[in-house]
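Residue numbers (our numbering): 6 to 487.
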């Protein structure tokens, strides 16, 4: 079978610039697809202030062209570099992307509207017409709309098939209908009754859902959840209408990078066959955050401290749990001020048993994956989640709310069959989380053989991107055979 030509368009991508899970996927998925022999290329905005110097030095300028934003011609430069087997293109415009941050600006609709048009004009400019154009989240979701409504007259682009991946449906890109004139110059006559109109606004994500050839989310359970009013953030009806082309593919992790046998960020290495190093990592972690070096179970949480991540649920139960058990907690992250303060006060009440690290520290996070006994992830919603997979890779047992990717990746432990990889609860209530924490504590403290079996089960799971990327290849092939 001949190579499939794929262009992966995203608003961020590691190792160049990353704010969340999309950045990880935009690096790892193309890397895995390339290793399978696909001709995969990636296009990103060029956030000059965020680009590490080591990559800036490798950039090659390919040229420039004008992109019409409304009635104005805007400069668009194209830069490129190759990282491993993957060719990267960067769309350059200082007005739109030469800023201190990636998102959160008043003109984000215009910024990413420019990017979407620039990507489509780039195809002929760099002489790469893909078979598949894979777009991600609202920032690039308007590309299928533009292919359908603005650029459909260009013959070489007519056979391109589009895939939209929804990483988080909460963010949709909703703007006044005036943006059709001021940015896309396609006229408001396209607004009423079109695929991108939703609740009286231009909705970039709704447009992508309606006009992409296939839509997928980052886990099978999340694909089902977002078709309901509770999780759909107003787009559940659009998703039910398009259910025939909606599927879920669970994200993976970079198993070479996240490997306790070779991880350069942890002091002691170990494997499933020899866990002695993990016990030493626990001692080192306790010392680093100022906790006594005890054998008590150590619960860790690396997360944004928000209600969506379930931080409020933990605040509600931690006092009662600490009073009843000899155990330790380490919390790492930043987020809502009231939750940050709540965790700081818990630390004051239990100075030898609770450590609140209110900061962003990826190196400490690695130490927590390696040194913890249990990893807490009681998210209210979780499209995919990567942290629980990393924790299992390091033999740290997840305690999760059964939602989205957490439901798909963590198999509830059955002490009778000795199957399962973690502890999972259905009802999103503090008392249910408390019950699950008690169960985890009991298994660790009173049934060490069961806990050891759990660790072996978790570390044996395959969360590599090779597994996920094969499902994407199958999705692409299905499209191209029609």
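Even glycine gets a Cβ: it sits at the ideal position worked out from N, Cα and C. Computed from a predicted structure; not experimentally measured.
Starting from the Cα of residue i, find the closest Cα among the options and give me that residue.
i: residue 142; options: 133, 174, 435 and 328; result: 174
i: residue 306; options: 322, 121 and 361; result: 361
i: residue 65; options: 39, 237 and 97; result: 97
i: residue 17; options: 30, 8 and 281; result: 30
i: residue 323; options: 347, 49 and 415; result: 347
i: residue 39; options: 484, 127 and 92; result: 92
i: residue 114; options: 129, 472 and 144; result: 144
i: residue 170; options: 260, 27, 184 and 33; result: 27
i: residue 42; options: 34, 400, 231 and 8; result: 8
i: residue 401; options: 277, 329, 267 and 296; result: 277
i: residue 416; options: 467, 372, 300 and 287; result: 467
i: residue 371; options: 139, 472 and 263; result: 263
i: residue 432; options: 292, 459, 478 and 407; result: 407
i: residue 436; options: 326, 351, 129 and 63; result: 326
i: residue 461; options: 418, 479, 255 and 478; result: 418
i: residue 146; options: 165, 403, 52 and 15; result: 15
i: residue 80; options: 413, 152 and 51; result: 51
i: residue 255; options: 412, 422, 355 and 123; result: 412
i: residue 296; options: 24, 359 and 19; result: 359
i: residue 483; options: 166, 473 and 292; result: 166
i: residue 63; options: 344, 236 and 94; result: 94
i: residue 388; options: 189, 231 and 439; result: 231
i: residue 423; options: 448, 438, 351 and 404; result: 448
i: residue 403; options: 439, 445, 365 and 434; result: 445
i: residue 463; options: 353, 355 and 428; result: 428
i: residue 204; options: 189, 191, 352 and 242; result: 242
Just to confirm before moving on: does the CB-CB distance between residue i and residue j stay below 9 Å?
i: residue 162; j: residue 125; result: yes
i: residue 338; j: residue 363; result: yes
i: residue 1; j: residue 382; result: Past the boundaries of the shown model lies residue 1; the chain is included only from 6 to 487, so the question cannot be answered.
i: residue 212; j: residue 117; result: no
i: residue 226; j: residue 425; result: no
i: residue 420; j: residue 452; result: yes
i: residue 274; j: residue 367; result: no
i: residue 303; j: residue 290; result: yes
i: residue 218; j: residue 168; result: yes
i: residue 150; j: residue 119; result: no
i: residue 55; j: residue 13; result: no
i: residue 37; j: residue 316; result: no
i: residue 210; j: residue 240; result: yes
i: residue 83; j: residue 131; result: yes
i: residue 379; j: residue 393; result: no
i: residue 286; j: residue 375; result: yes
i: residue 331; j: residue 299; result: yes
i: residue 340; j: residue 386; result: no
i: residue 477; j: residue 185; result: no
i: residue 481; j: residue 191; result: no
Within 10 angstroms of the Cβ of residue i, are there 16 or more other Cβ atoms? Answer buried if so, exposed if not.
i: residue 224; result: buried
i: residue 233; result: exposed
i: residue 294; result: buried
i: residue 99; result: exposed
i: residue 441; result: buried
i: residue 384; result: buried
i: residue 181; result: exposed
i: residue 221; result: buried
i: residue 457; result: exposed
i: residue 228; result: buried
i: residue 61; result: exposed
i: residue 253; result: buried
i: residue 283; result: buried
i: residue 396; result: buried
i: residue 329; result: exposed
i: residue 164; result: exposed
i: residue 265; result: buried
Using the DSSP secondary-structure output, state which residues sit across from residue i in a beta bridge.
i: residue 333; result: 303
i: residue 382; result: 405
i: residue 224; result: Bridge partners of residue 224: none, in fact.
i: residue 50; result: 96
i: residue 82; result: 69 and 97
i: residue 166; result: 137
i: residue 258; result: 469
i: residue 428; result: 404
i: residue 13; result: 47 and 139
i: residue 172; result: DSSP output for residue 172 lists no bridge partner at all.
Quick one: does residue i have its CB under 9 Å from some CB of chain D?
i: residue 284; result: Reference to chain D is not applicable here, since this structure consists of a single protein chain.
Original post:
Do three or more CB pairs link the stretch 103 to 113 to the stretch 123 to 137 at distances below 8 Å?
Top reply: no
Subject >> the stretch 85 to 102 touching the stretch 146 to 163, judged by at least three CB pairs closer than 8 Å >> reply: no
**OP:** Would you be able to state if there are at least three C-beta pairs under 8 Å between the stretch 327 to 337 and the stretch 296 to 313?
**Re:** yes
Original post:
Given 8 Å as the limit, is there contact between the stretch 29 to 47 and the stretch 64 to 83, that is, 3 or more CB pairs closer than that?
Top reply: no
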